[in-house]
C-alpha cells in the first residue's frame with residue numbers, strides 16, 4: 002500500500018482564491034512527522050510546513066496551513082490568497098520509522114500535485 | 720547565507736563511466752541524504768548519513784556509492800553499474816534523524832547519459 006497518497010495530479014485555482022491540496026498517509030508508528038514541500042519548475046525543493054503526530058493544533062506558516070485529521074490520516078495543505086508564484090509541484094511527505102522500525106532516516110514522498118494559479 | 724550547495728547543475732555521463740555529484744552544507748547539520756527524482760515522480764532515497772564515517776542504504780542504493788569524511792560534505796558517485804542513471808538528484812540535510820526534523824534541500828543536479 003502507498004504510504005503517502007496525493008490523489009490530485011493537477012489543480013487549478015484563480016489568483017487570490019484559496020486552494021486545498023489533499024494528502025493521506027498510512028503508518029502504524031505513533032510518532033511521525035508530516036511535511037509539505039514546493040518544487041518550482043527550476044527544481045529546488047522548498048520546505049513549507051510541518052505537522053507532528055502529537056500536535057493538537059493545525060500548523061500554520063504565513064499563507065500555508067495544514068488541515069490535520071489524525072483519525073482519517075489526512076494532512077491537507079491549504080494555501081490562502083493564491084499568488085501566481087504559487088504555481089509549482091507540491092509534495093506531501095512523511096517521516097516515520099519505516100520498515101524494520103529502527104530509524105527515522107527516510108522521508109517518504111507522495112507523487113505530487115501540480116498547482117496552476119490563473120490570473 | 721547558510722545552505723546546501725550541489726554541483727554541478729548539469730552533468731553528462733558516458734557509458735561505463737563513474738561520475739561524482741558534490742553536496743556541501745554549511746548548516747552544521749549532522750544528517751545528510753541523497754534522493755533521486757524521475758520525471759513526474761516523487762523522490763526516492765538512495766543513501767543517508769547520520770554522522771561522519773557512517774552511512775546507510777536507502778531504497779535504491781544499487782549502482783551508487785557515497786562517503787562522509789567530513790560533516791559538511793556528502794558526495795554521491797553514480798557508478799557504471801547504475802544502468803539507468805538519467806534523473807534529477809537532490810541532496811538534503813537535517814539537524815538529526817528525528818521524526819520532527821525537516822530536511823532542507825539543495826538545488827539539484829541533472830544527470831544525463833551521452
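Chains as they are written, first to last, in the numbering used here: chain A, 2 to 120; chain B, 720 to 833. Glycine included, C-beta positions come from ideal geometry on N, C-alpha and C.
- [ ] Give the secondary structure of residue 86/A by DSSP, where H, G and I count as helix, E and B as strand, and everything else as coil.
- [x] helix
Open item on the list: If contact is defined by three or more beta carbon pairs under 8 Å, each pair taking one atom from either stretch, is the region 728-736 of chain B in contact with the region 35-42 of chain A?
Closed with: no
Open item on the list: Contact criterion: CB-CB distance below 9 Å. Does residue 62/A meet it with respect to chain B?
Closed with: no
Task: residue 12/A, enclosing beta strand (DSSP E) - first and last residue - done: 11-15
Task: Three-state secondary structure assigned by DSSP to residue 748/B - done: coil
- [ ] Would you check if the distance between the CB atom of residue 107/A and the CB atom of residue 808/B is smaller than 9 Å?
- [x] no
Task: Stretch pair the region 797-812 of chain B + the region 18-30 of chain A: three plus CB contacts closer than 8 Å - done: no
Open item on the list: Residues of chain B with CB closer than 7 Å to the CB of residue 108/A, please, in chain order.
Closed with: 822
Task: Neighbour-count burial assignment, residue 27/A, 16 or more Cβ in a 10 Å radius - done: exposed
- [ ] Run down chain B in chain order and give the residues with a C-beta less than 7 Å from the C-beta of residue 23/A.
- [x] Those do not exist, as residue 23/A stays about 15 Å from chain B at its closest Cβ, beyond 7 Å.
Task: Closer than 7 Å at the beta carbon, the chain B residues around residue 123/A - done: Nothing in the structure corresponds to residue 123/A, since chain A is present only between 2 and 120.
Task: For residue 818/B, the first and last residue of its enclosing beta strand (DSSP E) - done: From DSSP, residue 818/B is part of no beta strand (DSSP E); its letter is neither H nor E.
Task: Extent of the continuous beta strand (DSSP E) to which residue 810/B belongs - done: 806-813
Open item on the list: Any beta carbon of chain A sitting closer than 9 Å to that of residue 811/B?
Closed with: yes
TODO: Round the Cβ separation of residue 67/A and residue 76/A to the nearest angstrom and send it over; I've been treating them as touching at under 8 Å.
DONE: 6 Å
- [ ] Could you have a look at residue 799/B and say whether DSSP puts it in helix, strand or coil?
- [x] coil
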